[in-house]
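In the working numbering, the protein residues as written are 5 to 212.
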Ligand SMILES: Cc1cc2nc3c(=O)[nH]c(=O)nc-3n(C[C@H](O)[C@H](O)[C@H](O)COP(=O)(O)O)c2cc1C
C-alpha cells in the first residue's frame, strides 16, 4: 500500500484550486493499493510560524496532528494558485513548520491560474522549495490555466486536454512514488544485509 497526501494551499473565499485538488483526489482513489488524504489548509488553519513547533515545550496539537499526516505519507502533492508570481503564503507558512516529515519523499507540484500560463512561476518555485526540504520534486508538473473555466463547480475538467493533463500527472506521480518506495525498501533490506555482514566480519576479527 502507498499513502499519498495532497496539500491544498488555497484558502481564498470563492477559491477555484479546490476543484483541481478534488479531481486529483478522485483520480488517486481509483488507483489500486493507494490510500489518500486531502490536507486542506482552509480547514487546518495552522498558526503563523513563531518557532519550530517540535522544539516548543508545549507543542501545538494542530501542528502535531499535521506532522503525523505528513509523516504517514509516502508521497505528497502540493497544489497552489499563483499569487504575485509565486505560490501562496499560506502554503509556505504551513510547510515551514516542518522538515523531517518531507525528507527523501517524492513531491509533485500543481499550480493554477486564471490566465493562460497556469501559475507556471508558482510551480517552479514550489519545485525549488521541495529541493530545500531535502525531498525529490517530480520533473513532470501539472499546470492548470484558466482554472475558473477548465474546472467546473463539481470539480470535473470541462475539456479533454485538462482531463488528460490531470490523468497523465497522476499516472506519473504514482509511478514516481512507487519507484522511490521500492528503492527505499530495497535500500532498507540491503542495509540489513550490510549490517549483518559487518557484524560477522568484526566477530571474525575478534576470534582470529
Ligand atoms: C492576490 C492574488 C494575486 C494573484 N497573482 C497572480 C499572478 O501573479 N499571476 C497569475 O497568473 N495569476 C495571479 N492571480 C490569479 C490567480 O492565480 C487565480 O485567480 C486563481 O484562480 C487563484 O486560485 P484560487 O481561486 O484557488 O484562489 C492572483 C490572484 C490573487 C487573489
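By construction, the Cβ of each residue, glycine as well, lies at the ideal position given by its N, Cα and C atoms.
Which listed residue (the options) has its alpha carbon closest to that of residue i
{"i": "residue 17", "options": "45, 82 and 123", "result": "45"}
{"i": "residue 73", "options": "128, 183 and 9", "result": "9"}
{"i": "residue 92", "options": "153, 117 and 163", "result": "117"}
{"i": "residue 22", "options": "34, 147 and 155", "result": "155"}
{"i": "residue 95", "options": "104, 107 and 81", "result": "81"}
{"i": "residue 1", "options": "6, 187, 135 and 34", "result": "Residue 1 cannot be examined here, being either before or after the span of the chain that is shown, 5 to 212."}
{"i": "residue 71", "options": "157, 144, 105 and 41", "result": "105"}
{"i": "residue 14", "options": "111, 49 and 167", "result": "49"}
{"i": "residue 171", "options": "5, 25, 79 and 187", "result": "25"}
{"i": "residue 151", "options": "163, 142, 141 and 143", "result": "163"}
{"i": "residue 36", "options": "182, 193, 187 and 90", "result": "182"}
{"i": "residue 47", "options": "29, 55, 75 and 11", "result": "11"}
Beta-carbon proximity of residue i to residue j, cut-off 8 angstroms
{"i": "residue 77", "j": "residue 109", "result": "yes"}
{"i": "residue 53", "j": "residue 97", "result": "yes"}
{"i": "residue 1", "j": "residue 123", "result": "Because the chain in this structure spans residues 5 to 212, residue 1 falls outside the shown range and cannot be described."}
{"i": "residue 60", "j": "residue 130", "result": "no"}
{"i": "residue 143", "j": "residue 120", "result": "no"}
Residues near residue i in its chain [Cβ-Cβ closer than 6 angstroms; skip 5 each side]
{"i": "residue 57", "result": "63, 64, 67 and 101"}
Contacting residues, own chain, Cβ-Cβ under 7 angstroms from residue i (five flanking each side not counted)
{"i": "residue 38", "result": "6, 8, 32 and 178"}
{"i": "residue 127", "result": "113, 115, 145 and 147"}
{"i": "residue 141", "result": "111, 113, 131, 134 and 135"}
{"i": "residue 42", "result": "10, 12, 25 and 29"}
Neighbourhood of residue i by C-beta distance below 8 angstroms, restricted to the same chain and skipping five residues each side
{"i": "residue 27", "result": "155, 159, 160, 161 and 170"}
{"i": "residue 107", "result": "137, 138 and 139"}
{"i": "residue 90", "result": "125, 126 and 129"}
{"i": "residue 55", "result": "none"}
Beta-bridge partners of residue i, as assigned by DSSP
{"i": "residue 38", "result": "6"}
{"i": "residue 44", "result": "12"}
{"i": "residue 82", "result": "11 and 113"}
Min CB distance residue i to chain D below 8 angstroms
{"i": "residue 140", "result": "Of the protein chains in the structure, only one exists, and it is not chain D."}
Residues with C-beta closer than 5 angstroms to any heavy atom of ligand 1, in chain order: This selection yields 14, 16, 19, 20, 21, 85, 86, 87, 88, 89, 117, 118, 119 and 151.
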